[in-house]
Structure formats: C-alpha cells, structure tokens
C-alpha cells in the first residue's frame, strides 16, 4: 500500500507536531483556535457591556441571544456542512463572524439601542452554527493518514482548551484599559484571522458534489444524519453515548454549584475553582490522548472514558470530601479529552463522507437540547432525592450505559478497522488512487467480499450492473460478444462502466480459478468518484478508452 503522509517512526508525539508543520493541517487548526478565541473574547465583552447597560437581566438577554437562535439553527447548519463544499462553509462562517462582530463593535461604540445589539448577537449566533459540524467533517478530508486523523483531533482538543482559557483572559486584560466596543473589535479581528487561515486550505475531495446530485426534498436533506444513523448501528451507538454524556454534563452544571455551596462549603468562589479543576484535568487528558495517535482500536479508550465521565460523580455522592471532589472533577476533565479524541475519530472513520456533517449535527442538536433539559431537571431531582442520592444516580447513568452497550462497543473496532489487504487493493486501483487514505479506508470498511468457485459467471453481458469489483485472489476471463478480451488477476478490477455510464453490463466475466472479490455497491462507488475530480476523470477516461476498442470489462 502506498503510504502518503506517513510520519514513519518519529513516534506519536512527532505525529502531533507534524500537524502544525503541514500547511493545510496547520491552517485548519489555526481556524479552530480563532473560532474559540472569538467566542471567548466576545462573550466577556458583551457580558460587561450588558451589565453596564441593564444589570443582570440584560446579561441574561445577551446570553439568550447568543445561545437560542444558534441552537435552533443547528440542523440547518449541519445540512449546509454536507450540502456545500466544507472549506467554503468554514470560510463563509469566518467571513460572517468577522462581519457580525465588527457590526456589534460599531453598534456598541455608537451607543445603539439594546435591541440592535441583541439582533446582531443573534445573527452572529446563527452564522457560526455550521462551523463545528463542517470542521469535524472536513478534518478526515484533509488528514493524509489514519494516524494523522487522530493527531489532528488530539491537537484540536488541546487548542480548544487553550483558546477557551486565552479568549476570556485576553478580554479581561483588554477591559482594564479599553471599553467593550474595542474588545469586540478584537474579536472581529480574530474572526478575520481565522478567515485568512482557512481560505487557503487545499482540499482535493468534495463529498457535497454527491449530495447535490441527490436533489432531495429539503426535509429529507435536513434529516440525512438520522438516516445515516439508522443505516449504521455502530455510528448510532457512538452518537447515543455522546448524547448521554451531554445530558449528564447538563446535570453536572447545576450539581456543581450545589456541591460547592452545600457539600464542601466552598461558596460562590468554589464554583470557579471546581470548574477550573475540570479544565486542568482536560489538559492532562489531552496529553494522555497523544498515546492514542497511531492506535487503530479506539473503542476501548472511548468506553473507559464514558465510564470515567460518570463514575466520579457517583463517588462524590458516596464520599463528599473536598479532596475526593477535586480528584473526581480532575478525572472527569481527563476523561472528557479522551472521549472527544477517540469518539470523534471513530465517527469520522465510520460515517459516510456525504452525511458526516449531519451526523455531527444530530449529536450537537440532540445533545444540547437534552443537556439543557438535564440542567432544568437537576434541581427537581435534588429536591426529590437529596443532593447525595442525586449525585449517585446521575453518576451511574454513563457506567450503566457503557456496560449495557459493551458488546456493541467492542464490535466497533472490528468494523472500523478494514483488512489491510483490502486497503492495499483499492489504493492500487488507478481510478481510486487519487482518493485520500481516509476515504480508501472507508471504502475498504464498507465493501463486501465473496468467494466465487471456478467456472462461475460473476457478471453477464446485458445484465443490470449494481456493483464494482476488485480481485483479491484468483483469475477471471472477460468476454464481449463471446470473444475473449482479457484475463484479469489480483489487483485488477471490473464493473465500473455500467455504474458510471448507467448502462447494462458490456461484458461477461467468468472465474477461471477459485476467486475472491471485494465489491462496492453503486452508491458507495459513485460517491467516492464524484467527490474527487481526479478520480472521476481517470475513471471516465478509462471507460471511454474501453468502449472505443473491443476490450475491457464492464
């Protein structure tokens, strides 16, 4: 197999360092950093302005304008991440972010009415909704190897943690000497920096071309993520675990305040210290996640992270000691980093490229909605059971889920790790070779293999064609009109003419020995080719050549 972009023997840390050395990978990560910097800087600046304008109620209105419109627009944003070229989507997000943040800065400086600020904040919230889904779905298209995909997710997690800290801290420092309009202008500048970073990313594959060919009705397009989860049970298990984790996070957001006041007597300042402990744990977890780079089997660390996200909460309910609380929150923060790296990587490996943005859209939309309900339900639960029983109950949700899904979680690794011989087969076929390694691995994972006895007719001239074939072992003869045209062996392929030209089979293929073939269905084959101009061009020219002379197989 050709190893494009391999990091060789420089080790796991070297793979992470390479992410920032490679131009397109670095630009994608700089955009990720800019996104969280804008959010952190803008949030603090607007909160300070709102408090000065109307006190706590105004802060609440700004918070509502920041969260509610974006949450409602998430399904449309996820659809856009699949419907349009993902590089164009993230570029458009940063252009809109820079524009809306700039407009907010001007409005603040002009002392515009509060309603104008709220509308602009809502517009900014809607503008960024496609970003996370598009970024996560774009990552496997930019990564040049499976190892690099994990390394990119490790780096992204670290950058997110740092930017989430640096953004508010920078805003706080600027507010010492400047007013909110200037600080918001800095947020706009960060958005512009993100735009300059991502606009030059080079991506050779565009799955949105296949999506646009479907001409689905709008509602069907919006629900493409749910359809993908129905087809792929492994993917559904991963998304269900993430959603459950977000629900528990919603409960924990409220329970953390109650723990600080009622369980360990730290008061209001303790809430910040407890949250910071989770953040420190996240940094430690990010360092450990480097060990996942180059690791093919990620379901085990994902399962352990799910358990360790919930179990420490239950331990706090059993042993309400300040040291136990701090260790528990540190552990949860570490588990969160490992969960994101392993889980996002598995989703990127398992999900079809055409629906990947909408799969992440389902995760974020359902997770945020149910997480919000968890926050609302937490006080009711505590009122009915008491704080410590509530902690134990909430803490046991994720471990119980992990145990219940353990057989299915174990099966994920087997499904997400295609046989190396199949990856080698498809990467050696000229019309598929231009695809990135991550796409070739998905093809290998989604293909079927079959044993064909000697003398069997594999395809018959004139029949309907619905599969593409690669020969793993054995030999076949290709005949057209009863005349022998070619003999094919391991590494060769046939069947593409009928699929590309939407016609019947143009030749008969017979096994002249026992044969093992790898086959791709029409949708998987055409989606892969349509998404890559180079691959489609090679395939189309190849079929033209075969049809123009009395040879070839179709």
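In the working numbering, the protein residues as written are 518 to 1071.
Every residue, glycine too, gets a C-beta built ideally from N, C-alpha and C.
Residue i vs residue j beta-carbon contact at 7 Å
i, j, result
"residue 939", "residue 868", "no"
"residue 544", "residue 715", "yes"
"residue 904", "residue 775", "yes"
"residue 1036", "residue 965", "yes"
"residue 598", "residue 654", "yes"
"residue 657", "residue 606", "no"
"residue 1088", "residue 755", "Only positions 518 to 1071 of the chain appear in this structure, which leaves residue 1088 out of reach."
"residue 555", "residue 708", "yes"
"residue 830", "residue 901", "no"
"residue 643", "residue 592", "no"
"residue 1041", "residue 871", "no"
"residue 881", "residue 681", "no"
"residue 806", "residue 855", "yes"
"residue 990", "residue 1033", "yes"
Alpha-carbon spacing of residue i relative to residue j, whole angstroms
i, j, result
"residue 542", "residue 596", "24 Å"
"residue 988", "residue 1005", "8 Å"
"residue 1047", "residue 685", "43 Å"
"residue 522", "residue 941", "With a pLDDT of only 40 at residue 522, under the threshold of 50, the placement of this residue in the model should not be trusted, and no figure is reported."
"residue 932", "residue 724", "22 Å"
"residue 981", "residue 764", "48 Å"
"residue 615", "residue 538", "26 Å"
"residue 769", "residue 781", "15 Å"
"residue 951", "residue 975", "27 Å"
"residue 600", "residue 934", "28 Å"
"residue 1055", "residue 1015", "16 Å"
"residue 698", "residue 1051", "48 Å"
"residue 520", "residue 962", "At residue 520, the pLDDT of 39 sits below 50, so the modelled position is not reliable; the number obtained from the coordinates is stated separately. Answer to the nearest angstrom: the Cα atoms are 18 Å apart."
"residue 557", "residue 688", "8 Å"
"residue 793", "residue 783", "14 Å"
"residue 815", "residue 928", "11 Å"
Classification of residue i by the beta-carbon crowding that lies within 10 angstroms, buried from 16 upward
i, result
"residue 485", "The displayed coordinates of the chain run from 518 to 1071. Any statement about residue 485 would go beyond what the structure contains."
"residue 1069", "Low confidence applies to residue 1069: its pLDDT is 45, below 50, so where it sits in the model is not reliable, and the reading given next is rough at best. That one is buried."
"residue 566", "buried"
"residue 973", "exposed"
"residue 669", "buried"
"residue 730", "exposed"
"residue 728", "buried"
"residue 693", "exposed"
"residue 968", "exposed"
"residue 921", "exposed"
"residue 917", "exposed"
"residue 960", "buried"
"residue 1017", "buried"
"residue 549", "buried"
"residue 971", "exposed"
"residue 838", "exposed"
Boundaries (first-last residue) of the alpha helix (DSSP H) holding residue i
i, result
"residue 741", "741–748"
"residue 652", "648–659"
"residue 858", "839–867"
"residue 876", "873–902"
"residue 586", "540–600"
"residue 922", "Segment: none, residue 922 is in no alpha helix (DSSP H) and carries neither H nor E."
"residue 1055", "1050–1065"
"residue 626", "603–626"
"residue 676", "663–694"
"residue 943", "937–944"
"residue 636", "631–644"
"residue 705", "697–715"
Beta-ladder partner(s) of residue i, from DSSP
i, result
"residue 1036", "965, 986"
"residue 995", "1003, 1026"
"residue 1021", "981"
"residue 751", "Partner(s): none; residue 751 has no beta bridge."
"residue 1010", "987"
"residue 722", "1049"
Enclosing beta strand (DSSP E) for residue i [first to last residue]
i, result
"residue 949", "Taken as a continuous stretch (DSSP letters only), residue 949 belongs to no beta strand (DSSP E), as it is neither H nor E."
"residue 820", "Segment 816–835 is the alpha helix (DSSP H) holding residue 820; no beta strand (DSSP E) there."
"residue 975", "974–976"
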